Amino acid sequence: MSASFSSTLPHDGPALEHALAERALTRLRAASPEARAALDDAGLAARVARVAAVSDFAIDTLVRQPALLLALGADDGASEPPPPSLEAEFRADWGARLRRYRAAGSTRLIWRDTLGLDRVEDTLEGSTRLAEICLQVALSALEDEFERRHGAVRTRDGERVRLVVFGLGKLGGGELNFSSDVDLVYAYEHDGSTEFDGRDAARALDAEAYFAKLGQQLARLLDEITADGFCHRVDLRLRPYGNAGRVAWSFAAMEQYFQREGRDWERYAWQKARPVAGDIEAGERFLDALRPFVYRRYLDFGALDGLRAMKAAISAEVARKELADDIKRGPGGIREIEFLVQALQLIRGGREAELRGRRLLPALRELIALRQIAEETGESLAEAYRFLRRLENRLQMLRDAQTHALPAAESDRLRIAVGLGYPDWDALAGELERRRERVTGEFEALLAPRRRRAAPDALTAYWRALPESGDAETLAEAGFEAAADADGALRDFARSPGVRGLSDAARTRLDRVLPALLQGAATSSQPMLALKRLLALLHNVLRRSAYLALLDEQPAALSRLVEAVSRSALLAERLASHPLLLDELLDARVVGPLPGREELQAASAEVDGGDDAEATLQALNEVRQSLSFRIAMALRDGRQSAEQSARQLAWLADGVVMRILALAEQEVASAHGRVPDARFAVLGYGSLGGEELGFGSDLDLVFLYDAPAIEGGAQSDGARPLDAGRWFARLAQKIVALLGAVTAAGRLFDVDVRLRPDGAKGLLVSSLASFSEYQYERAWTWEHQALVRARFVAGDAGLHERFEAVRERTLARERDAAKLRDDVAKMRVKMRAELDRSDAAYFDLKQGEGGLVDLEFLLQYLVLRDSVRERALLSPRDSAGLIEAARRCGAFDDTQAASLRVAHTTLLAAGLECTLDRRPRRVVETEAIAASRTAISTAMQAHGLREAS
1309 MSASFSSTLP
1319 HDGPALEHAL
1329 AERALTRLRA
1339 ASPEARAALD
1349 DAGLAARVAR
1359 VAAVSDFAID
1369 TLVRQPALLL
1379 ALGADDGASE
1389 PPPPSLEAEF
1399 RADWGARLRR
1409 YRAAGSTRLI
1419 WRDTLGLDRV
1429 EDTLEGSTRL
1439 AEICLQVALS
1449 ALEDEFERRH
1459 GAVRTRDGER
1469 VRLVVFGLGK
1479 LGGGELNFSS
1489 DVDLVYAYEH
1499 DGSTEFDGRD
1509 AARALDAEAY
1519 FAKLGQQLAR
1529 LLDEITADGF
1539 CHRVDLRLRP
1549 YGNAGRVAWS
1559 FAAMEQYFQR
1569 EGRDWERYAW
1579 QKARPVAGDI
1589 EAGERFLDAL
1599 RPFVYRRYLD
1609 FGALDGLRAM
1619 KAAISAEVAR
1629 KELADDIKRG
1639 PGGIREIEFL
1649 VQALQLIRGG
1659 REAELRGRRL
1669 LPALRELIAL
1679 RQIAEETGES
1689 LAEAYRFLRR
1699 LENRLQMLRD
1709 AQTHALPAAE
1719 SDRLRIAVGL
1729 GYPDWDALAG
1739 ELERRRERVT
1749 GEFEALLAPR
1759 RRRAAPDALT
1769 AYWRALPESG
1779 DAETLAEAGF
1789 EAAADADGAL
1799 RDFARSPGVR
1809 GLSDAARTRL
1819 DRVLPALLQG
1829 AATSSQPMLA
1839 LKRLLALLHN
1849 VLRRSAYLAL
1859 LDEQPAALSR
1869 LVEAVSRSAL
1879 LAERLASHPL
1889 LLDELLDARV
1899 VGPLPGREEL
1909 QAASAEVDGG
1919 DDAEATLQAL
1929 NEVRQSLSFR
1939 IAMALRDGRQ
1949 SAEQSARQLA
1959 WLADGVVMRI
1969 LALAEQEVAS
1979 AHGRVPDARF
1989 AVLGYGSLGG
1999 EELGFGSDLD
2009 LVFLYDAPAI
2019 EGGAQSDGAR
2029 PLDAGRWFAR
2039 LAQKIVALLG
2049 AVTAAGRLFD
2059 VDVRLRPDGA
2069 KGLLVSSLAS
2079 FSEYQYERAW
2089 TWEHQALVRA
2099 RFVAGDAGLH
2109 ERFEAVRERT
2119 LARERDAAKL
2129 RDDVAKMRVK
2139 MRAELDRSDA
2149 AYFDLKQGEG
2159 GLVDLEFLLQ
2169 YLVLRDSVRE
2179 RALLSPRDSA
2189 GLIEAARRCG
2199 AFDDTQAASL
2209 RVAHTTLLAA
2219 GLECTLDRRP
2229 RRVVETEAIA
2239 ASRTAISTAM
2249 QAHGLREAS
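First residue of the sequence shown: 1309, per my numbering; consecutive thereafter.
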């Protein structure tokens, strides 16, 4: 639009819209007879009028391409214009075709946005897709041209190498604004030369030269301004070393660069990287390899200093007055929202795969779901982001200008406001200001150093004086009774090679962290014990600067650490052995509600190590460690009961076994094929079956299979077939081996398989028929007792049902009550004689008289005695459920049942307490323990399982 016409536009909304519409319709009617006829349709004319108020560029494009008006009039842009065809014989026309295509596609986006047919997300996605198509079409044509002229690049082995075009920034994120430049990086997977494509060696091009020329031609074809304008502005400055670096990089050279010289801002930039043209599959392989550079495996608080520097640079730029009206870079602008979200992704994406997405709004939703951003704040930021991105698009749609500044001309301001549905500019400006203020507040809070409780100056001075100086009396005054011992431990720590070898930055962090840890330990219930455990942990994390950064940056984590290690030897030991668990101290979920059965099992099922069994085991161990740590913290903090914790540990173990079964089946099948129509099941016995698992408990497992009865016996269908029995034995062996395999994150579980038919002398895996026959004909009474708690854990659902039928048939049979009572009582006496570790000072919570095993024997006895008449006794496997079932069946009255429930809860809680502190499950008898023993012993006597004392 000419400046003279703009200056004569009316200054009220309706008159302005009318003037713009009249001018646009006049121009379009003059463009072609077809356009003139089409605009006789009042509905189409009205839609054109709305578009004219929003975009001069769109009207200019429709004047140049009248056929586009007819297409938009037909379906309102539901179908996209076809991509341009770039034939070699029309080489001179390539640029014009690309530019006309881009103008048509952009006008379609304006049309749909103006008429309210697209959300802002659709417009951003459409702009991205338009750029990708232009890149892909242009590159394909240029590749063909280069191959005709120079040949193709090949490796010595003859493998063709192609250019990979990475899109960074908003192009990579799929959120390109309407008139944006595109951030590109050119790369290739392997070194090579056109010589290996049969070209003259003297004139051959190596891969770097070839792809640099190809990339430069691509940028020129898109970027160059012609009579048809431009297609896309190309920015190549995000490649290694920027403008000073080579134009095209081999994958190996880029990996080496990022390993040696990659900076935090480059990690930030490559978060959104995506191959958009060329060899897409090779590009994805490179990004998979680059992921550890972008996302650390731990919570990456070590990146905070770099992120703070980036934030400070943004804030300094915002402070410049000329950016006050810039909705991208100015205060409360788009860039601040992007930085806020991406910074949290960068810190946490190594642990939370859900946060590795390239698009902002989905990432923001994940941050809310993971409780890293409050829901209200997240929704407000999302709303502000959509508002700002739509406004940004409208500023650019006006004249296809790469601008983010609010217009100065009054008529332009009114057009923007009216086009967005506001009566005037002031109304729009007021709404914009409110959104920007909220964004600014959240941005300023991001990465602000956390307020930490300062350690006393005396402790800081004491630590910094070590190992040569420092007065142990300082420790005594802080609260350490054994001050000399504490002083000795700290001097040894200060002299250790790990401390002496720290970088200046890491030593500075340690000098802030350690006095705070000393203060926390001094005020704990056992200062010296806490100090020893904390120093053991610090020894293990000194070379992992990110963990020191976590404790330095997050006082809440430091406080929880002191509390955890001072109150639990198990937690202290696990934190020291697996520092990755330090991340759990900061996870909002560690103090929130714990996941249920489905979530715990899904966490294991979702572990994906690809074809690498070792990687799968490592990842699965990390999941198990994290979730069991979270359960332990909840129990330690009193946020849930011992029964809930034991049940969650069993559910977690179920999930691990399910995932290991899938991995084991994959490995056995790869070697031997599968047994057609055969089924397999893993049964949990003991505390796993009873859903009362402890921390560090082993798993009592029994394996079943069922194969078709065919002549010659069922066999697997692989290259090295096995009969069904051997195939499933191999599978069971693999499960046991994988569960017990040692990884850097520890081992999953020790496994006990002695409860299978015939015990250690029996086969590792039983057919369903042999298991059924054994249970019904040959099993001892104690084996039927064990079957009471047996539970399907993993495998085939149909075999699960058949196992339940065998179990029910076995348990619910008529028995000689006197013989049953005698068998159970004798077995309990024998076990206690061998296993009870009680003495005059301590009571064995599990095996002692009136302990947990006595209660289990009593409940198992009642199931075996009464389930032939009371089938409700067959369903529960856990003690609490069995007590309730027995009460309903009349075996206990209400008072007895209540006392047994309390007894079970008391003893289970005491046992888990011992486990958390790495103590044997032997305790001094308290009043509550004595009452529990009495309740269990009294019930045993009442049912004839023990003589009255």
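By construction, the Cβ of each residue, glycine as well, lies at the ideal position given by its N, Cα and C atoms. Given the structure is predicted, the values throughout are model-derived calculations rather than measurements.
CA-to-CA distance, residue j to residue i, given in whole angstroms
{"i": "residue 1997", "j": "residue 1990", "result": "11 Å"}
{"i": "residue 1868", "j": "residue 1893", "result": "6 Å"}
{"i": "residue 1759", "j": "residue 1863", "result": "Because the pLDDT of residue 1759 is 46, which lies under 50, any placement of that residue in the model is unreliable, and the question is left without a value."}
{"i": "residue 1773", "j": "residue 1925", "result": "45 Å"}
{"i": "residue 1320", "j": "residue 1330", "result": "16 Å"}
{"i": "residue 2198", "j": "residue 2164", "result": "18 Å"}
{"i": "residue 1819", "j": "residue 1604", "result": "24 Å"}
{"i": "residue 2230", "j": "residue 2244", "result": "17 Å"}
{"i": "residue 2220", "j": "residue 1483", "result": "51 Å"}
{"i": "residue 1865", "j": "residue 1858", "result": "8 Å"}
{"i": "residue 1690", "j": "residue 1929", "result": "36 Å"}
{"i": "residue 1833", "j": "residue 2225", "result": "14 Å"}
{"i": "residue 1361", "j": "residue 1477", "result": "30 Å"}
{"i": "residue 1933", "j": "residue 1941", "result": "12 Å"}
{"i": "residue 1326", "j": "residue 1357", "result": "8 Å"}
{"i": "residue 1727", "j": "residue 1701", "result": "12 Å"}
{"i": "residue 2203", "j": "residue 2184", "result": "20 Å"}
{"i": "residue 1322", "j": "residue 1721", "result": "14 Å"}
{"i": "residue 1373", "j": "residue 1359", "result": "16 Å"}
{"i": "residue 1332", "j": "residue 1529", "result": "31 Å"}
Cβ-Cβ separation, residue j to residue i (assumed contact under 8 Å), whole Å
{"i": "residue 1951", "j": "residue 2216", "result": "6 Å"}
{"i": "residue 1414", "j": "residue 1504", "result": "So it is not a contact: roughly 42 Å between Cβ atoms."}
{"i": "residue 1786", "j": "residue 1767", "result": "6 Å"}
{"i": "residue 2073", "j": "residue 2009", "result": "At roughly 10 Å, the Cβ-Cβ gap does not stay under 8 Å, so residue 2073 and residue 2009 are not in contact."}
{"i": "residue 1639", "j": "residue 1474", "result": "With 8 Å as the limit, residue 1639 and residue 1474 do not qualify as a contact, their Cβ atoms being about 31 Å apart."}
{"i": "residue 2155", "j": "residue 2144", "result": "4 Å"}
{"i": "residue 1649", "j": "residue 1682", "result": "Actually they do not touch by this definition, with Cβ atoms about 14 Å apart."}
{"i": "residue 2013", "j": "residue 2098", "result": "In fact, because the Cβ distance is near 16 Å, the residues do not count as touching under 8 Å."}
{"i": "residue 1841", "j": "residue 1802", "result": "About 18 Å separates the two Cβ atoms, so there is no contact after all."}
Cβ pair residue i, residue j closer than 9 Å
{"i": "residue 1557", "j": "residue 1565", "result": "yes"}
{"i": "residue 1542", "j": "residue 1498", "result": "no"}
{"i": "residue 2212", "j": "residue 2237", "result": "no"}
{"i": "residue 2039", "j": "residue 2057", "result": "no"}
{"i": "residue 1490", "j": "residue 1439", "result": "yes"}
{"i": "residue 1810", "j": "residue 1794", "result": "no"}
{"i": "residue 1534", "j": "residue 1500", "result": "no"}
{"i": "residue 2041", "j": "residue 1960", "result": "no"}
{"i": "residue 2172", "j": "residue 2253", "result": "no"}
{"i": "residue 1635", "j": "residue 1713", "result": "yes"}
{"i": "residue 1377", "j": "residue 1458", "result": "no"}
{"i": "residue 2137", "j": "residue 2168", "result": "no"}
{"i": "residue 2117", "j": "residue 2075", "result": "no"}
{"i": "residue 1845", "j": "residue 1884", "result": "yes"}
Pick from the options that is closest to residue i, judged by C-alpha positions
{"i": "residue 1340", "options": "1370, 1324, 2012", "result": "1370"}
{"i": "residue 1573", "options": "1560, 1651, 1714", "result": "1651"}
{"i": "residue 1742", "options": "1693, 1785, 1496", "result": "1693"}
{"i": "residue 1411", "options": "1842, 1528, 1392", "result": "1392"}
{"i": "residue 2066", "options": "2050, 2085, 2051, 1461", "result": "2085"}
{"i": "residue 1791", "options": "1871, 1367, 1322, 1835", "result": "1835"}
{"i": "residue 1732", "options": "2196, 2251, 1324, 2088", "result": "1324"}
{"i": "residue 1407", "options": "1430, 1532, 1450", "result": "1532"}
{"i": "residue 2028", "options": "2068, 2064, 2233, 1983", "result": "1983"}
C-beta neighbour in chain B for residue i, strict 9 Å
{"i": "residue 1733", "result": "Of the protein chains in this structure there is only one, and it is not chain B."}
- Item | Within the stretch 1390 to 1448, ranges of the alpha helix (DSSP H) (whole runs, at least 4 residues) | 1402 to 1422
- Task: At 4 residues or longer, and completely inside the stretch 2163 to 2198: list those alpha helix (DSSP H) runs for me, N to C.
- Result: 2187 to 2196
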